[in-house]
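Residue numbers (our numbering): 221 to 785.
C-beta: ideal position from N, C-alpha, C; glycine also.
Below is one structure, written out as structure tokens, with a few remarks after it.
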């Protein structure tokens with residue numbers, strides 16, 4: 221911030237330079253949201269010069285900085301699932317590189333565009349772009365560029381699930397880097413090789429690649445590469461059943477991510493390590509990581525809600541200030557022209573009433589916008605908080621937490637646009653099952669929360685069956701492609717037997733644990749918590765899955781009756 225404030229006193233280009241430096245630092249620390257803001261500010265600062273047709277202004281454009289500002293903005297847009305914006309930024313970056321005659325930047329932009337095209341499942345375009353990047357790199361006879369393009373070829377092949385070919389491509393990048401004496405690149409690509417080996421379920425080979433990378437990392441300060449090394453080591457050791465060693469590395473990885481990165485990176489890390497722990501048989505450890513992930517998600521979403529509400533409040537204040545200014549001007553004019561005051565006052569009053577009504581309408585629209593998910597149109601956490609009100613301290617009713625199974629696989633296999641279409645379809649199916657007075661919330665990611673004002677447990681059981689059937693009824697069809705969808709559900713009716721009162725947070729923690737129990741049972745089922753040990757605090761019951769008593773019921777298939785676990 222100090223750098224940005226100082227640069228602002230020098231001029232707009234210096235200010236854009238400061239935003240670019242900050243974007244680089246934020247992305248290096250995997251603080252994507254901050255990086256996105258800084259990158260877009262840098263692009264906005266450079267654009268009046270770099271996109272100008274005025275030769276005097278265009279001469280002040282640093283094409284190198286302009287290129288990297290666009291590149292960072294493209295990364296940010298891609299992370300926000302906005303491939304169209306990412307493609308625009310990248311094509312503009314490619315134009316900038318070509319205008320500057322910088323072949324290295326042109327090759328980088330082309331390789332990244334190939335990766336983006338593959339992520340959007342445009343295989344033909346990805347192939348053409350990759351071939352062009354490889355041809356340009358070969359012409360340049362630059363080892364670093366040839367290795368760079370090979371690394372992107374590996375990414376493209378991995379997107380296509382051609383894992384052996386992906387591994388071969390990254391091995392080629394390692395060989396090129398080693399022959400050219402590019403030690404950092406070699407270590408970086410060894411880490412990529414560890415990921416390729418893990419995709420092929422070869423944990424021992426992954427550890428060997430990590431050991432080779434560590435030979436460089438031991439003597440160099442590379443926080444990002446060290447985080448990746450610890451992450452992959454933990455997963456490889458878990459796959460080999462070396463639980464104690466894995467937990468040491470896992471602890472180091474978590475500490476580094478907590479210290480060095482933003483919430484998105486930490487959430488991604490926990491989503492990788494939690495299932496790996498569960499596969500290794502450590503359900504308690506996996507549950508603990510899952511809890512941490514949910515806490516981070518809630519904190520991140522709460523932060524976004526606060527920012528959204530601040531924007532809403534600022535918009536309201538700006539509108540009120542404008543109305544006040546107009547009101548003052550109107551009354552000032554009336555004072556000067558007092559002879560027409562009697563005629564004007566009725567007109568002014570009527571206009572003021574109309575404006576107040578318009579302001580009220582706008583305020584209501586802004587609040588609705590702030591309390592609803594833009595993708596699905598469902599209520600969000602902010603709306604739930606408003607709806608709960610005082611009930612949050614003594615929650616009563618049925619609560620269902622629903623998680624779409626294998627959603628990451630759907631995104632990876634079919635693309636993010638298809639994933640979004642699945643979420644919208646799920647939202648409509650849930651609404652079709654529920655009554656108008658029930659509330660369905662997009663809780664975050666692929667999770668949905670249903671809150672029902674019902675007390676009889678039998679009604680909740682019937683509703684669970686109907687929710688399950690809504691998923692199993694038919695696949696979601698996206699662009700003619702059927703996508704099978706199932707869900708893991710955790711639910712309970714509150715207050716539980718022996719528990720006079722329960723907070724909403726405690727109720728959520730319990731259904732969260734029940735949902736995780738459904739996942740551990742193979743997904744595609746629902747788990748109901750009927751009761752817990754009356755002597756046990758509810759928060760402890762939610763965290764210690766084994767302490768929830770045997771009165772837990774499961775739905776194994778939508779057509780089945782609920783049966784004891």
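For residue i, count neighbouring Cβ atoms within 10 angstroms of its own Cβ and tell me buried if that reaches 16, exposed if not.
| i | result |
| --- | --- |
| residue 657 | exposed |
| residue 441 | exposed |
| residue 196 | Here the chain comprises residues numbered 221 to 785, so residue 196 is not present and cannot be evaluated. |
| residue 482 | buried |
| residue 595 | exposed |
| residue 762 | Low confidence applies to residue 762: its pLDDT is 49, below 50, so where it sits in the model is not reliable, and the reading given next is rough at best. The residue in question, residue 762, is buried, as its Cβ has 16 or more Cβ neighbours within 10 Å. |
| residue 606 | exposed |
| residue 446 | buried |
| residue 673 | exposed |
| residue 721 | exposed |
| residue 717 | exposed |
| residue 646 | buried |
| residue 648 | exposed |
| residue 279 | exposed |
| residue 625 | buried |
| residue 502 | buried |
| residue 615 | buried |
| residue 361 | exposed |
| residue 397 | buried |
| residue 240 | buried |
| residue 312 | buried |
| residue 273 | exposed |
Would you call the CB atoms of residue i and residue j closer than 7 Å?
| i | j | result |
| --- | --- | --- |
| residue 386 | residue 433 | no |
| residue 430 | residue 399 | no |
| residue 374 | residue 389 | yes |
| residue 654 | residue 661 | no |
| residue 706 | residue 744 | yes |
| residue 497 | residue 506 | yes |
| residue 409 | residue 393 | yes |
| residue 630 | residue 617 | no |
| residue 465 | residue 487 | no |
| residue 376 | residue 357 | no |
| residue 724 | residue 608 | yes |
| residue 336 | residue 355 | no |
| residue 427 | residue 407 | no |
| residue 293 | residue 323 | no |
| residue 353 | residue 331 | yes |
| residue 734 | residue 749 | yes |
| residue 379 | residue 338 | yes |
Under the three-state reduction of DSSP, which class applies to residue i: helix, strand or coil?
| i | result |
| --- | --- |
| residue 421 | coil |
| residue 237 | helix |
| residue 442 | coil |
| residue 722 | coil |
| residue 271 | coil |
| residue 175 | This structure cannot settle anything about residue 175, because the visible part of the chain is limited to 221 through 785. |
| residue 330 | helix |
| residue 801 | Nothing in the structure corresponds to residue 801, since the chain is present only between 221 and 785. |
| residue 615 | coil |
| residue 870 | Residue 870 lies beyond the stretch modelled for the chain, which goes from 221 to 785, so this question has no answer here. |
| residue 747 | strand |
| residue 693 | coil |
| residue 623 | strand |
| residue 752 | coil |
| residue 729 | helix |
| residue 740 | helix |
| residue 599 | strand |
| residue 500 | coil |
With a cut-off of 8 Å on the beta carbons, I'd call residue i and residue j a contact; round off their distance for me.
| i | j | result |
| --- | --- | --- |
| residue 711 | residue 731 | 6 Å |
| residue 346 | residue 329 | In fact, because the Cβ distance is near 14 Å, the residues do not count as touching under 8 Å. |
| residue 263 | residue 290 | 6 Å |
| residue 728 | residue 687 | That pair is no contact at about 17 Å. |
| residue 809 | residue 458 | For residue 809 there is no data in the structure shown, the boundaries of the chain being 221 and 785. |
| residue 709 | residue 738 | 6 Å |
| residue 490 | residue 470 | With a Cβ gap of about 10 Å, residue 490 and residue 470 do not count as contacting. |
| residue 325 | residue 317 | 4 Å |
| residue 627 | residue 651 | 19 Å between Cβ atoms; not a contact. |
| residue 786 | residue 277 | Here the chain comprises residues numbered 221 to 785, so residue 786 is not present and cannot be evaluated. |
| residue 642 | residue 696 | 5 Å |
| residue 460 | residue 423 | 5 Å |
| residue 265 | residue 296 | That pair is no contact at about 15 Å. |
| residue 746 | residue 684 | 5 Å |
| residue 635 | residue 341 | 5 Å |
Which runs of the beta strand (DSSP E) at least 3 residues long sit entirely within the region 339-374? Give them in chain order. none
Enumerated in chain order, which unbroken segments of the beta strand (DSSP E) with a length of 3 residues or greater are wholly contained in the region 634-690? The qualifying runs are 659-664 and 667-672.
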